[in-house]
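What follows is one structure encoded as structure tokens, with my remarks underneath.
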Amino acid sequence: AQTVTQSQPEMSVQEAETVTLSCTYDTSENNYYLFWYKQPPSRQMILVIRQEAYKQQNATENRFSVNFQKAAKSFSLKISDSQLGDTAMYFCAFLSNFGNEKLTFGTGTRLTIIP
Amino acid sequence: EAQVTQNPRYLITVTGKKLTVTCSQNMNHEYMSWYRQDPGLGLRQIYYSMNVEVTDKGDVPEGYKVSRKEKRNFPLILESPSPNQTSLYFCASSSPGLAGRGIQYFGAGTRLSVL
Chain Y
365 AQTVTQSQPE MSVQEAETVT LSCTYDTSEN NYYLFWYKQP PSRQMILVIR QEAYKQQNAT
425 ENRFSVNFQK AAKSFSLKIS DSQLGDTAMY FCAFLSNFGN EKLTFGTGTR LTIIP
Chain X
-11 EAQVTQNPRY LITVTGKKLT VTCSQNMNHE YMSWYRQDPG LGLRQIYYSM NVEVTDKGDV
49 PEGYKVSRKE KRNFPLILES PSPNQTSLYF CASSSPGLAG RGIQYFGAGT RLSVL
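For the protein sequence lines, the chains are Y and X, in the order given.
Residue numbering for the first sequence follows the numbering used here, beginning at 365 and increasing consecutively.
Residue numbering for the second sequence follows the numbering used here, beginning at -11 and increasing consecutively.
What follows is the structure, encoded as structure tokens:
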């Protein structure tokens, strides 16, 4: 079974700074998908970014980018020019290329952006 | 507007009193799933459905039932709720074609307290 580990329960950073959230995972598969989901205080789960394991290029979405290290099974999220609206819980998630579309989530990192 | 609608948003009940949390999506998605979110554990899958009349257990199915009689609806049923089912529940849907794998749309969540 796959596991996803987020070792930083909480982080805080000053507004406009850059912050990196860590995620490692364990799998024996070669093709899979990785995600970062954001959960703001409203509780709504929002997809931030998606990475396909067969793509070597790191995914980017505006101020959000990932550092995908397949051999190390590491998938960190970098938020540049952080904004107050980035304050949220961030979950790393794994999706197998086989099976039922089940996302395996990490335990989350609570990020606070300080004005 | 594409959305997944859960009701109710908040529910307080007593042990043993049957309840249903409804979930409806308007995107014609084949796949629907229920997750529960608990502090320190992230989100865990309860049940999922690949299409109408096709449902199966996720990682934590004990004490829950589901049905999928129509494509748009996927209710979660707690026949005899217990305090350990106090949690935040999310319904999610997706269309698992290659381009959309893992891109799940989440409802706003249902906060359930069982006394």
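Backbone N, C-alpha and C define an ideal beta-carbon position, used for all residues, glycine too.
So, does the segment 437 to 445 of chain Y touch the segment 380 to 390 of chain Y, judging by three or more C-beta pairs under 8 Å? Yes, the segment 437 to 445 of chain Y touches the segment 380 to 390 of chain Y.
So, is the C-beta of I65(X) closer than 8 Å to a C-beta in chain Y? The C-beta of I65(X) comes no closer than 8 Å to any C-beta of chain Y.
Enumerate in chain order the residues of its own chain whose CB-to-CB distance from L76(X) is below 6 Å, with the five nearest sequence positions on each side excluded. Once the five neighbours on either side are set aside, the close Cβ partners of L76(X) are Q25, G97, R99.
Could you pull the start and end residues of the beta strand (DSSP E) that V42(X) belongs to? Its beta strand (DSSP E) spans residues 42 to 45.
For A457(Y) and Q372(Y), what's the separation of their Cα atoms in angstroms? Rounded to whole angstroms, A457(Y) to Q372(Y) spans 15 Å at the Cα level.
Looking at the structure shown, is L398(Y) part of a helix, part of a strand, or coil, going by DSSP? If DSSP states are grouped into helix, strand and coil, L398(Y) belongs with the strands.
Around the C-beta of E132(X), are 16 or more other C-beta atoms found within 10 angstroms, so that it is buried, or is it exposed? Only positions -11 to 103 of chain X appear in the structure, and residue 132(X) is not among them; the question remains open.
Are the segment 459 to 474 of chain Y and the segment -5 to 8 of chain X touching by the rule of at least three beta carbon pairs closer than 8 Å? Short answer: they don't touch.
Does the separation of the CB atoms of V48(X) and T74(X) fall below 8 Å? In this structure, T74(X) does not lie closer than 8 Å to V48(X) by Cβ.
Quick one: what does DSSP say Q73(X) is sitting in, helix, strand or coil? Assignment of Q73(X) by DSSP, reduced to helix, strand and coil, places it in the helix class.
Got a sec: which bits of the segment 456 to 475 of chain Y sit with their beta carbon under 7 Å from any beta carbon on chain X, in order along the chain? Of all residues in the segment 456 to 475 of chain Y, L459, N464, E465, K466, L467, F469, G470, T471, G472 have a Cβ within less than 7 Å of some Cβ in chain X.
Where the beta strand (DSSP E) containing I410(Y) begins and where it ends: Looking at the DSSP string, the run of the beta strand (DSSP E) that includes I410(Y) is 410 to 416.
Since L385(Y) meets chain X, which of its residues come closer than 9 Å, beta carbon to beta carbon? In chain order: nothing, as chain X lies at least about 14 Å away.
Measuring only the C-alpha atoms, how far is L448(Y) from I478(Y)? Taking the straight line from one Cα to the other gives about 7 Å.
Terminal residues of the beta strand (DSSP E) in which D390(Y) lies: For D390(Y), the uninterrupted beta strand (DSSP E) segment begins and ends at 388 to 390.
So, T10(X) versus P63(X), is the Cβ gap smaller than 8 Å? In this structure, P63(X) lies closer than 8 Å to T10(X) by Cβ.
Roughly how many whole angstroms lie between the Cα atoms of N82(X) and Y389(Y)? Note on identity: in this sequence residue 82(X) is Ser, with Asn being the wrong assignment. Between S82(X) and Y389(Y), the C-alpha separation is close to 23 Å.
Can you give me the C-alpha to C-alpha distance between I410(Y) and T369(Y), rounded to a whole angstrom? A straight-line Cα-Cα distance of about 19 Å links I410(Y) and T369(Y).
Endpoints, beta strand (DSSP E) assigned at V430(Y): DSSP places V430(Y) inside the beta strand (DSSP E), whose first and last residues are 428 to 433.
Cβ neighbour criterion (16 or more within 10 Å) applied to A452(Y): Buried: at least 16 other Cβ atoms inside 10 Å.
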